[in-house]
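Asker: This note's numbering puts the first residue of the sequence shown at 1, with every later residue one more than the last. Glycine residues also receive a C-beta, built at the ideal position from the N, C-alpha and C atoms. Quick one: structure below, then a few questions.
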Amino acid sequence: MNFQTLKNPKGQSAFEFVLIAPLIFFIFFATIQVSYMAYASFAVQRSALAIARMASLGGISNSTVFKTQLAIALLPISNLSQKALFTILASDCKVNESTNKQTINVQVRYPMPIWVPWVGKVFGQTLVPAADYNNSPAGQAIKDIFNMLRMPVPDLSFNGVRLPVYWIHFEATTFNEAYGR
1 MNFQTLKNPK GQSAFEFVLI APLIFFIFFA TIQVSYMAYA SFAVQRSALA
51 IARMASLGGI SNSTVFKTQL AIALLPISNL SQKALFTILA SDCKVNESTN
101 KQTINVQVRY PMPIWVPWVG KVFGQTLVPA ADYNNSPAGQ AIKDIFNMLR
151 MPVPDLSFNG VRLPVYWIHF EATTFNEAYG R
């Protein structure tokens, strides 16, 4: 019996790498996902607060303005991935006045993309485009932002895009400054 082959470290290091590599890659992608979630969560929160403030001052309070605010906040990421624009257009914003008209309440739903492989199948829902956003008011607002910044205007049709997402919710309430005017 030859015990020389058991002392050869070449095969052992390759075997150890095969065992550890999936864990290392998962930790790497999870770090990127958590960083993206933090950035996008703050951007959605800032956008909701901006819409609440605009609505409380008696300004415009529709979904297109919210999506424009969100597009501006997430513009650095949308330059990296066109799917980020899809999530902006698929987001939902509702602005409600209280019955006594003293407060404004903004409710936001944003589809947070899940970039970590296989995690989206466990925790996420699949987001499929409902329509072609090129001619929608929100799509035109986003195209205007890209034109204003002299950047190439993206195609907002998103044909064949299926994206695993996790829906995050944010709610902001503010005093209605237009109350009593």
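Measure the alpha-carbon distance for residue 36 versus residue 160 and round it to whole angstroms.
Answerer: In a straight line, the C-alpha of residue 36 is about 24 Å away from that of residue 160.
Asker: Given a cut-off of 9 Å on the beta-carbon distance, is the pair residue 51 and residue 65 in contact?
Answerer: Yes, the pair counts as a contact, with Cβ atoms nearer than the cut-off.
Asker: Can you look up residue 172 in the DSSP assignment and give me helix, strand or coil?
Answerer: In this structure, residue 172 counts as strand in the three-state DSSP scheme.
Asker: Between 118, 104, 156 and 113, which has its C-alpha nearest residue 54's C-alpha?
Answerer: Of the candidates 118, 104, 156 and 113, the one whose C-alpha sits nearest the C-alpha of residue 54 is 104.
Asker: Roughly how many whole angstroms lie between the Cα atoms of residue 166 and residue 14?
Answerer: Answer to the nearest angstrom: the Cα atoms are 36 Å apart.
Asker: Would you list, in sequence order, the uninterrupted alpha helix (DSSP H) runs of no fewer than 4 residues that lie entirely inside the region 44-84?
Answerer: If we require 4 residues or more, the alpha helix (DSSP H) runs fully inside the region 44-84 come out as 63-73 and 75-80.
Asker: Could you name the residues that DSSP lists as bridge partners for residue 94?
Answerer: Bridge partners of residue 94: 107.
Asker: On the DSSP letters alone, give me the boundaries of the alpha helix (DSSP H) that residue 140 sits inside.
Answerer: 137-148 is the span of the alpha helix (DSSP H), which, as asked, contains residue 140.
Asker: Does residue 86 pass the burial test, meaning 16 or more other C-beta atoms within 10 Å, or should it be called exposed?
Answerer: By the 10 Å Cβ count, residue 86 comes out buried.
Asker: Closer than 8 Å by C-beta to residue 145: which residues in its own chain qualify, once you throw out the five before and the five after it? Chain order, please.
Answerer: The residues are 68, 71, 72 and 75.
Asker: Taking three-plus beta-carbon pairs below 8 Å as touching, is the region 127-138 in contact with the region 86-98?
Answerer: The answer is yes - the region 86-98 touches the region 127-138, with three or more Cβ pairs under 8 Å.
Asker: Please state whether DSSP places residue 151 in a helix, a strand or coil.
Answerer: Residue 151 falls in the coil class under three-state DSSP.
Asker: Between which two residues does the alpha helix (DSSP H) carrying residue 101 extend?
Answerer: Here residue 101 belongs to no alpha helix (DSSP H), and DSSP marks it neither H nor E.
Asker: Less than 9 Å separating the beta-carbons of residue 96 and residue 108?
Answerer: No.
Asker: Judging by CA-CA distance, which residue of 170, 129 and 149 is the nearest neighbour of residue 158?
Answerer: When only C-alpha atoms are compared, the closest one is 129.
Asker: Buried or exposed: which applies to residue 112, given that a residue is buried once 16 or more other Cβ atoms fall within 10 Å of its Cβ?
Answerer: Label assigned to residue 112: buried.
Asker: What separation, rounded to the nearest whole angstrom, lies between the Cα atoms of residue 40 and residue 116?
Answerer: Their Cα atoms are separated by approximately 16 Å.
Asker: So what does DSSP say about residue 113, is it helix, strand or coil?
Answerer: Three-state DSSP puts residue 113 in a strand.
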